[in-house]
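2 protein chains.
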Amino acid sequence: MQRFACDLIIDAAWVLPIAPENRALSAHSVCVTDGRIVALGPTPDVHGAWEARHRVSFEDGILTPGLVNAHTHAAMTLLRGVGEDLPLERWLRDCIWPLENALVNEDFVAAGTELAVAEMLRRGITTFTDMYFFPETTARVARAAGMRAVLAFPVFEGSTAWSRGVEDCFHLGLALHDACRGDPLVEVAFGPHAPYSVSMSTLEKINMYAQELGLGVHIHLHETAHEVAEARRLHGRSWVHVLGDIGLISPQLQAVHMTQLEDDEIRLLANHGASVIHCPNANMKLADGTCPLTRLVANGVNVAIGTDGAAANNSLDVLADARTAALLAKLQAGDPTVAAAPDMLARATLGGARALGREAQLGSVEPGKLADLVVFVPDSPAALPLYDPFAALLHTGSAFSVAASWVAGTQVVHAGQPRLLDETAMHAHVREQAQRVRAHR
Amino acid sequence: MQRFACDLIIDAAWVLPIAPENRALSAHSVCVTDGRIVALGPTPDVHGAWEARHRVSFEDGILTPGLVNAHTHAAMTLLRGVGEDLPLERWLRDCIWPLENALVNEDFVAAGTELAVAEMLRRGITTFTDMYFFPETTARVARAAGMRAVLAFPVFEGSTAWSRGVEDCFHLGLALHDACRGDPLVEVAFGPHAPYSVSMSTLEKINMYAQELGLGVHIHLHETAHEVAEARRLHGRSWVHVLGDIGLISPQLQAVHMTQLEDDEIRLLANHGASVIHCPNANMKLADGTCPLTRLVANGVNVAIGTDGAAANNSLDVLADARTAALLAKLQAGDPTVAAAPDMLARATLGGARALGREAQLGSVEPGKLADLVVFVPDSPAALPLYDPFAALLHTGSAFSVAASWVAGTQVVHAGQPRLLDETAMHAHVREQAQRVRAHR
Chain A
730 MQRFACDLII DAAWVLPIAP ENRALSAHSV CVTDGRIVAL GPTPDVHGAW
780 EARHRVSFED GILTPGLVNA HTHAAMTLLR GVGEDLPLER WLRDCIWPLE
830 NALVNEDFVA AGTELAVAEM LRRGITTFTD MYFFPETTAR VARAAGMRAV
880 LAFPVFEGST AWSRGVEDCF HLGLALHDAC RGDPLVEVAF GPHAPYSVSM
930 STLEKINMYA QELGLGVHIH LHETAHEVAE ARRLHGRSWV HVLGDIGLIS
980 PQLQAVHMTQ LEDDEIRLLA NHGASVIHCP NANMKLADGT CPLTRLVANG
1030 VNVAIGTDGA AANNSLDVLA DARTAALLAK LQAGDPTVAA APDMLARATL
1080 GGARALGREA QLGSVEPGKL ADLVVFVPDS PAALPLYDPF AALLHTGSAF
1130 SVAASWVAGT QVVHAGQPRL LDETAMHAHV REQAQRVRAH R
Chain B
730 MQRFACDLII DAAWVLPIAP ENRALSAHSV CVTDGRIVAL GPTPDVHGAW
780 EARHRVSFED GILTPGLVNA HTHAAMTLLR GVGEDLPLER WLRDCIWPLE
830 NALVNEDFVA AGTELAVAEM LRRGITTFTD MYFFPETTAR VARAAGMRAV
880 LAFPVFEGST AWSRGVEDCF HLGLALHDAC RGDPLVEVAF GPHAPYSVSM
930 STLEKINMYA QELGLGVHIH LHETAHEVAE ARRLHGRSWV HVLGDIGLIS
980 PQLQAVHMTQ LEDDEIRLLA NHGASVIHCP NANMKLADGT CPLTRLVANG
1030 VNVAIGTDGA AANNSLDVLA DARTAALLAK LQAGDPTVAA APDMLARATL
1080 GGARALGREA QLGSVEPGKL ADLVVFVPDS PAALPLYDPF AALLHTGSAF
1130 SVAASWVAGT QVVHAGQPRL LDETAMHAHV REQAQRVRAH R
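Protein sequences appear in the order of chains A and B. Letter 322 of the first sequence, counting from 1, is numbered 1051 in our numbering, and no numbers are missing. Letter 226 of the second sequence, counting from 1, is numbered 955 in our numbering, and no numbers are missing.
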């Protein structure tokens, strides 16, 4: 019998497809052609039906959809470990912001993003949403490394290293959007910093453009209790309601942090199909509060996982944040059955894809979807024995390394190393920028 | 000028001595002779004054005291990932206990402990306190690998795979204590499972023996709210007060978990010099509650860090638990300045040594102390840039690997590998036992 031709077959000890059924499939294989998944089945069946130009086998590997880091500030890897254990205000006003004002330029963003991309690829991430200055530089670095990136370009009222006021942010961001049209890897979203730092008229304008262009709106929201109290003082209601009134609570909204939420706010998010990006490690470290994962999910709100920037976390390991999210949810619910490992793997993949409005193409190992795939392999005694691949990745993720990953069928990690990134140059760039940081501390 | 002779000099980019001053020392060296630290100073000064038979240099290494895992059930690595996300009662009664009843024997404990020792050595741990069946087997495995271990031998009223009732526990445990007299690596403590599973008369007997022999008492205490409510129902007061009444709250007490604590209980612990072992990952995962780290420390109670067993955590990475402890303390205090990185490194080293009554000999890099030392080296982009070695180890610990470690001056990890453990044999033993587990699930 003649077999179908395909570009690549990947055999793995386990495949976690996430959807349509979220269960572990033993000894399965995935076929890829033209950057898309064309088949998934038991290894002997797949090899009986398909003939591949390339075949790779991971006899102790766990294959998953590429992970999605749904919120980061990639270049802030260069500020990892700066100003530790300070009060939030002092950390921002005396440490992070002055360093950013003095140091951020295109070279800083390029070096910091190269480091972030090297780190994220090694931890199984194939897509990230970034909110930082010089997003065109972030786009260039991500594209070169083969990663998928959503550039939520910052919108600030005042001047920044990158922009001179709101008009300039729109001008630069929409020019980037034009430049990215048809780009298979990079797209653009609006990244208003927060409702307290951007005017209502600017947010209304963002909403108008976002609706017209079909772009996402990525915003820090209800990060601290102080911020919510300020909204009540100024507007008589919380920011979620203020944004609801101008139409910003929509399927295009990616509301980041959300550590303070009342039931009526959760219903508003659910009714309008908005996504929440949960960044538990950064929220705990800065003592901001806890995003109510279990309540959000119970009400039908899509929750994705983000690492936040490395200045706050301090790593860009979305699996580690998914773990913290699970532990925190169990503790807060007083119930060890919530936030089960398969659900948390789904948040770090399909949840992220949904937040980006890309769930038809990304986030699961299903025929027809883009071949964004990762293979994790045991890399430490802590990975043994392997009874439950979901729990193994979620709770002992750091005991696994990424042997290989692909974005739209292009291999981006090979033999544990980013394949399209010049790491020697990256290290030199990071050393140079880190010296600038040290000189300004 | 003639230089003093010593066995070994270790040069490191950073030394974190923990005591007498808990700050990072750049480009320092440590001299070791006869298993003890004899000098610590800036690298050029040390080499000017000392001549070593061996010298090792880690130009990007961070040298710390060996980490102390103050509570685990080492052999339970074989049950890692079994019965995930179940309610506590079902997890124990339908899953863990039946598996233990069916499977635990000397071979199981040997294989599981070999795996645990391989895992712990790779994560910088040089001392662990274990509470499990067949502690003589655990002692043998730890000794062979060169690790320091405190065997808190279990005391149960009923029969176990290891013991036939309380008398037998005492008989076996005290025989092990006799066998370990003068052993440089292994010592014994009493390990009554919990106040609700051991009778008052047994606890009184344990207290008498422990005082007489100068041994530690290691007990699960106030792990769940249910347990404390039961004590109130049965005894009209909490277990901490019940134990206080029979004299068990003493400097020899290692009270494990302590997720439920009133102020008067904290004062009782402080006044009697007891230590608390905080196991945050396991407590969160099982939804037990949170040990009040900040309140305990403010009241002068020594708090050490434990991983608990791998069935509950799921790893034996005490640095990862120290990180979770820090994040949780910041969140609960609503204050990002508490549980600072240097304090948390101190809990995972000197705090553990104090809990064991060994703070005069272990837990810091000070001349006169035993040379239990670890060198961490960057092993991933997430370790860069390195501005703050405390934050780097605490918050991005999994980005570092252990290049080398020593116990009493004997090298136990070399080039990232346990030096005295046959890992090929270990893997075979683990595979064999894991097949038994799979057959019984």
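All residues carry an ideal CB built from backbone N, CA and C; glycine is no exception.
| Check | Outcome |
| --- | --- |
| Does any CB atom of chain B fall closer than 8 Å to the CB of Tyr861(A)? | no |
| Quick one, which residues of the region 1095 to 1125 of chain B are near chain A if we go by CB-CB under 8 Å, in chain order? | Ser1109, Pro1110, Ala1111, Leu1113, Pro1114, Leu1115, Tyr1116, Asp1117, Phe1119, Ala1120, Ala1121, His1124, Thr1125 |
| Take the Cβ of Glu750(A) as the centre, count every other Cβ of all protein chains shown within 10 Å, and call the residue buried at 16 or more, exposed below. | exposed |
| Name the chain B residues that come within less than 7 Å of Ser1127(A), Cβ to Cβ? | Ser1127 |
| Using a Cβ-Cβ cut-off of less than 8 Å, list which residues of the region 806 to 830 of chain B approach chain A; keep chain order. | Thr806, Leu807, Arg809, Gly810, Val811, Glu813, Asp814, Leu815, Pro816, Leu817, Trp820 |
| Quick check: the region 872 to 885 of chain A against the region 846 to 864 of chain A, are at least 3 beta-carbon pairs closer than 8 Å? | yes |
| Do Thr1082(A) and Val797(A) have their CB atoms nearer than 8 Å? | The residue asked about is misnamed: residue 1082(A) is Ala in this sequence, not Thr. Their beta carbons are under 8 Å apart, which means Ala1082(A) touches Val797(A) by this criterion. |
| Could you say which of Phe787(A), Val846(A), Arg1087(A) lies nearest to Gly870(A) if we only look at CA atoms? | According to the sequence shown, residue 870(A) is Val rather than Gly. The shortest C-alpha separation from Val870(A) is found at Val846(A). |
| Is there at least one Cβ from chain B nearer than 8 Å to Thr1019(A)'s Cβ? | yes |
| Looking only at C-alpha atoms, which of Gly920(A), Ala1137(A), Ala939(A) sits nearest to Leu950(A)? | Gly920(A) |
| For the beta strand (DSSP E) containing Leu754(B), list its first residue and its last residue. | 754 to 762 |
| Quick test of your reading: Arg782(A) and Asp736(A), contact by CB under 8 Å. State the CB separation rounded to the nearest angstrom. | 6 Å |
| So Ala1133(B) and Gln1140(B) are supposed to be a Cβ contact under 8 Å. How far apart are they, rounded? | 6 Å |
| Give the straight-line distance between the Cα atoms of Asn830(A) and Leu1115(B), rounded to the nearest whole angstrom. | 21 Å |
| Can you grab the Cα-Cα spacing for the pair Ala918(A) / Pro1009(B), in whole Å? | 38 Å |
| Which of the three DSSP states, helix, strand or coil, is assigned to Trp1135(A)? | strand |
| Given that a residue counts as buried once 16 or more other Cβ atoms are within 10 Å of its Cβ, and exposed if not, what is Thr1153(A)? | exposed |
| Would a check of beta-carbon distances place Arg851(A) closer than 8 Å to chain B? | yes |
| Output the distance between the C-alpha atoms of Val927(A) and Val884(A), rounded to the nearest integer angstrom. | 7 Å |
| With a threshold of 8 Å between beta carbons, is Gly875(A) in contact with chain B? | no |
| Report the neighbours of Glu959(B) on chain A: residues whose CB is nearer than 8 Å to its CB, in chain order. | None at all; the shortest Cβ gap to chain A is about 17 Å. |
| Cβ of Pro980(A) within 8 Å of Cβ of Ala768(A)? | no |
| Relative to the alpha-carbon of Ile978(B), which residue among Asp1072(B), His955(B), Val1005(B), Glu959(B) has its alpha-carbon at the smallest distance? | Val1005(B) |
| Beta carbons nearer than 8 Å to chain B: which residues of the region 1128 to 1149 of chain A have them? | Ala1128 |
| Go through its chain and collect everything with a Cβ distance to Leu1149(B)'s Cβ below 7 Å, but skip five positions before and after it. | Ala873, Ala874, Gly875, Val1141 |
| Could you pull out every unbroken beta strand (DSSP E) segment of at least 3 residues lying fully inside the region 861 to 905 of chain B, listed in chain order? | 877 to 884 |
| Output the distance between the C-alpha atoms of Ala1041(A) and Arg784(A), rounded to the nearest integer angstrom. | 40 Å |
| Examine the Cβ distances between the region 772 to 781 of chain A and the region 818 to 835 of chain A and report whether three or more of them are shorter than 8 Å. | no |
| Along the chain, which unbroken stretches of the beta strand (DSSP E) at least 3 residues long are found entirely within the region 1012 to 1052 of chain A? | 1031 to 1034 |
| Can you name the residues that DSSP bridges to Val985(B)? | His949(B), Ile1006(B) |
| What are the boundary residues of the alpha helix (DSSP H) that includes Val1094(A)? | Neither: Val1094(A) is in no alpha helix (DSSP H) and is coded neither H nor E. |
| CB-CB under 7 Å to Pro771(A), same chain, minus the five flanking residues each way: which ones, in chain order? | Ala756, His757 |
| So what does DSSP say about Thr1153(A), is it helix, strand or coil? | helix |
| What number of angstroms, rounded off, separates the C-alpha of Glu952(B) from the C-alpha of Gln989(B)? | 7 Å |
| For a cutoff of 8 Å on Cβ pairs, would you count Val1032(A) as touching chain B? | no |
| Are the C-beta of Val1159(A) and some C-beta of chain B separated by less than 8 Å? | yes |
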